[in-house]
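Numbering-wise (my numbering), the sequence shown opens with residue 2 and increments by one.
Report on the following structure.
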Amino acid sequence: MNPSRLALALVLGATVAHADNSPSEAVFPEQKLPLKFSHKQHLGFKLQCDFCHETAESSVSSSDRLIPTEESCETCHKIDRAQPQKQSRPAARCDACHAYSSPTADLAKPPPALIPAPNLKFNHKVHVDRKIACQRCHGEMKDIDLATRAQLPRMALCLGCHNATARKDRAPAKCTTCHLPRPDGTLETTFASGRLMPSGAILGDAHTLKFATEHAAVASQNEKYCRSCHRQDFCLACHNGVVKPMSFHGNDYVSIHPIDARKATLDCNGCHRRQTFCLGCHERAGITDGATVAAPNGLPENQKRFHPPTEKWVNPPRTPEHHSWQAERNLRQCISCHRENTCLQCHSTFTGKDHTFNISPHPALFTNSRQCQALAARNSRVCLKCHATDDPHLTCR
């Protein structure tokens, strides 16, 4: 997968996941700006960005305060705290720039602005030294009045340079170049302002409830992509073959799961041990075979019919409703309820009360075939499951 698309898919949720394309609060926390300011008006006077944002050129941290101080504003606006309502040109009244909550507020005490630091690493100095114009990241401000979070760069813009191409002069594309890492090297995704989540815009990886059952396609494309945020023990919390997360299957899935089991839509073995988890439930429900689960009177008292009628399921002819047809189609489904004892009732050469039919499951002339020889050479103990030691067919000829 193209590294730039990989990085974009990972953090696009922090930039375009919202319907209005506003920045994610997980990366850029909500601001409180009780200010009245017009970039459009100031740029009309041919002022350069660094005239007001003079500390940006040397800033190496995203937590640096880069908005102009009152001292910077006093270069043009003759502010006088002793006379907060003084009229002058350019305007020097406190309420010319500060938005007070009421007309009777103390103009000598401007309301504080809340501009929390972004949950990112960013070095303005590196970008300034590379002659990258302010407009490249923040856009044209000539038609903007008060700048807000909306004027902060989006990830798609960053990837114009941070795209991991072969050129040595290109910016690094590693996610932790900008995003905060945990001690184990994965990305920090939980912040007081929200969670950093993929949007699904590229890989279809939006982390909705449905994603729990459909994430395999994304994970199989690039395992490193998932490991940017998740450690292996996160995956094993579900993929340990023992415990299923409660949110994985929908409501009343017990009633409809036979559909998926018959179609093999899901790989149940990924979470469940068929011979314990599935069989245990089927035993309790009475959906099982007498040879699989011993009962005092042969079959459980609450035995329920699971297969088609016996004359179609067991007796010839061999049709799609015959058990041999279904076993060849999806043997895993069979072992959800049956152990070997069920099959041995018919398909063994042993004699006795529980083994009376001696029906061979092998095709014609199997005894002399190469397949028989290969199976016996690989593990002859398997043959002893069905063949008695004195069975003449036990040895391939």
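Every residue gets a Cβ at the ideal spot worked out from N, C-alpha and C, and that includes glycine.
Here's the rule I'm using: 16 or more other beta-carbon atoms within 10 Å means buried, otherwise exposed. How should residue i be labelled?
| i | result |
| --- | --- |
| Thr396 | exposed |
| His339 | buried |
| Asn120 | buried |
| Ser62 | exposed |
| Tyr254 | exposed |
| Leu197 | buried |
| His163 | buried |
| His240 | exposed |
| Phe38 | buried |
| Leu153 | buried |
| Val383 | exposed |
| Ser381 | exposed |
| Leu237 | exposed |
| Ser103 | exposed |
| Ala378 | exposed |
Please classify residue i: does DSSP put it in a helix, a strand, or coil?
| i | result |
| --- | --- |
| Thr390 | coil |
| Lys225 | helix |
| Arg196 | strand |
| Leu158 | helix |
| His180 | strand |
| Leu280 | helix |
| Thr343 | helix |
| His324 | helix |
| Leu376 | helix |
| His40 | helix |
| Lys143 | coil |
| Ala8 | Bear in mind that the predicted position of Ala8 carries a pLDDT of just 36, short of 50, making it unreliable; the figure below should be weighed with that in mind. Looking at Ala8 - three-state DSSP - the assignment turns out to be helix. |
| Lys264 | helix |
| Lys110 | coil |
| Arg382 | helix |
| Leu332 | helix |
| Lys87 | coil |
| Thr214 | helix |
| Leu153 | coil |
| His163 | coil |
| Leu121 | strand |
| Thr56 | coil |
| Leu237 | helix |
| Leu188 | strand |
| His250 | coil |
| Lys132 | coil |
Can you list, in chain order, the residues of its chain whose CB lies under 8 Å from that of residue i, leaving out five sequence neighbours each side?
| i | result |
| --- | --- |
| Glu58 | Asp51, His125, Lys126 and Val129 |
| Phe367 | Ser361 and Cys373 |
So, at 7 Å on beta carbons, what are the nonlocal neighbours of residue i in its own chain, with the 5 sequence-adjacent residues on each side left out?
| i | result |
| --- | --- |
| Cys282 | none |
| Glu189 | Leu181, Pro182 and Arg183 |
| Glu72 | none |
| Ala435 | Since the first and last residues shown for the chain are 2 and 398, residue 435 lies out of range. |
Quick test of your reading: residue i and residue j, contact by CB under 8 Å. State the CB separation rounded to the nearest angstrom.
| i | j | result |
| --- | --- | --- |
| Ile68 | Cys74 | With 8 Å as the limit, Ile68 and Cys74 do not qualify as a contact, their Cβ atoms being about 10 Å apart. |
| Leu36 | His99 | 6 Å |
| Pro117 | Pro24 | Their Cβ separation, rounded to whole angstroms, is 12 Å, which puts Pro117 and Pro24 out of contact at 8 Å. |
| Arg150 | Gln32 | 6 Å |
| Ala389 | Thr350 | 5 Å |
| His43 | Asp146 | Not really, about 10 Å apart at Cβ, beyond 8 Å. |
| Asp96 | Leu108 | 6 Å |
Looking at the C-beta of residue i, does it have a partner C-beta in chain C at a distance below 8 Å?
| i | result |
| --- | --- |
| His363 | Annotation note: the requested chain C is absent from the structure, which comprises a single protein chain. |
In chain order, what residues of the same chain lie with their CB nearer than 6 Å to the CB of residue i, ignoring the 5 residues before and after it?
| i | result |
| --- | --- |
| Ala93 | His78, Lys79, Ile80 and Lys87 |
| Cys335 | Ala328 |
| His54 | Leu67 |
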